[in-house]
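Take the position in the sequence shown, starting the count at 1, then add 50; the result is the number in our numbering. Built from N, CA and C at the ideal position, the CB exists for glycine as well. Presented below is the structure to which this report refers.
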Amino acid sequence: MKPLTKQLKEKQEANETIFVPYIMAGAQGLDQLANEIQLLTEAGASAIELGIPFSDPVADGPIIQEAGLNALNHGVTLKKIIQQLKQIETSTPLVIMTYFNPIFNYGLDSFVTDLGETNVLGLIIPDLPYEHQDLLTPLLKNSDIALIPLVALTTPKERIPELVKAGEGFIYAVAVNGVTGTGRNYQESLDEHLAYIQSVSDKPVLAGFGVSSKEHVVRFRKSCAGVIVGSKIVQLLSEGKQKEVRSFIEAAVSNSF
51 MKPLTKQLKE
61 KQEANETIFV
71 PYIMAGAQGL
81 DQLANEIQLL
91 TEAGASAIEL
101 GIPFSDPVAD
111 GPIIQEAGLN
121 ALNHGVTLKK
131 IIQQLKQIET
141 STPLVIMTYF
151 NPIFNYGLDS
161 FVTDLGETNV
171 LGLIIPDLPY
181 EHQDLLTPLL
191 KNSDIALIPL
201 VALTTPKERI
211 PELVKAGEGF
221 IYAVAVNGVT
231 GTGRNYQESL
241 DEHLAYIQSV
251 SDKPVLAGFG
261 VSSKEHVVRF
271 RKSCAGVIVG
281 SKIVQLLSEG
291 KQKEVRSFIE
301 AAVSNSF
């Protein structure tokens, strides 16, 4: 069992709300990354998802796209992010969300080796299909890094057990058809879908994409282990509203909504 899986399963078994905030690494400049990680850690984040800026994102909504462009304008690259992460000490597991192209350009072996010198314990790669994961899984086999699967609303029901069995860390349940963003209306059938994924998974299932309110957190906690919140966190940080970020996470993880 990978360390990220173990840590999050312990929270799930204790009936704690698992809350994973997403930030775009370098959106405010890489020199702010350590401060952002510290803020999210102090607020009680279960893990922190770090987006890697990419010129052609397929899953990012307008808020995260803008943050990615800001990071690119700051000259941020995957290599620079990893070098920065080597200098950051944190007790909170880090999860990198990136597309496959930056990893390929970095060099798969070098990428996994360098991550071993950081507190990155998970990888999310939206454009790496399950059938092609063997490009990376042999390199991760003897590492502490979990390859986290995504399960979409359109994923055939009979395929879901196969995906969750192969995954580690947590199961990323995409709660909408489309890209990330706030102000989403969720399908009524979503709760049943999430509950089914959790019923066939021995790892925590987290709902993501569009999660932006206390009502969303309360709703999804009834059918899965927690949530991933991206666009709302990215927006608040871009506006300098660190206090609002802290209070939102603190209320979610303490079940005090």
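Straight-line measurement puts the Cα of L144 at about 29 Å from the Cα of E242.
Looking at the DSSP output, P71 sits in a beta bridge with V279.
In the DSSP assignment, A196 is bridged to G172. L144: not part of any alpha helix (DSSP H); member of the beta strand (DSSP E) spanning L144 to M147, first to last residue. When the Cα atoms are used, E63 and I210 turn out to be separated by approximately 22 Å. DSSP places E238 outside both helix and strand once states are collapsed to three, so it counts as coil. Boundaries of the alpha helix (DSSP H) around L83: L83 to A93. A buried status is given to T142, since no fewer than 16 other beta-carbon atoms sit within 10 Å of its beta-carbon. Burial is judged here by how many other beta carbons sit within 10 angstroms of a residue's own beta carbon; M74 has at least 16 and is buried.
It is roughly 22 Å from the alpha-carbon of P188 to the alpha-carbon of Y222. Judged by DSSP secondary structure, I131 falls within the alpha helix (DSSP H) whose first and last residues are L128 to L135. Excluding its 5 nearest sequence neighbours in each direction, E86 has C-beta neighbours in its own chain below 6 Å: I73, listed in chain order. Between D177 and Y156, the C-beta gap is not smaller than 8 Å, which leaves the two residues out of contact. Between L119 and I102, the CB-CB gap reaches or exceeds 8 Å. Contact between the region 97-117 and the region 159-166 is absent: fewer than 3 CB-CB pairs across the two stretches fall below 8 Å.
Comparing alpha-carbon positions, the option among G111, K52 and L186 lying closest to F154 turns out to be L186. The way I'd put it, the region 166-176 doesn't touch the region 201-216; fewer than three beta-carbon pairs between them come closer than 8 Å. Secondary structure note for G125: it is in no alpha helix (DSSP H), with a DSSP letter that is neither H nor E.
By the criterion of a C-beta distance shorter than 6 Å, E294 is surrounded in its chain by L286, once the five residues flanking it on both sides are discounted.
The three-state secondary structure of L158, taken from DSSP, is helix. According to the DSSP secondary-structure assignment, L100 is paired through a beta bridge with I73 and I146. Unbroken beta strand (DSSP E) stretches of 3 residues or longer found wholly inside the region 201-225: 221-224, given in chain order. In the structure shown, G258 adopts extended strand secondary structure according to DSSP, grouped into three states. Here A245 is near S273, since their CB atoms are less than 8 Å apart.
Per DSSP, P53 is one residue of the alpha helix (DSSP H) stretching across P53 to E63.
The three-state reading of DSSP puts D184 in helix, counting H, G and I together.
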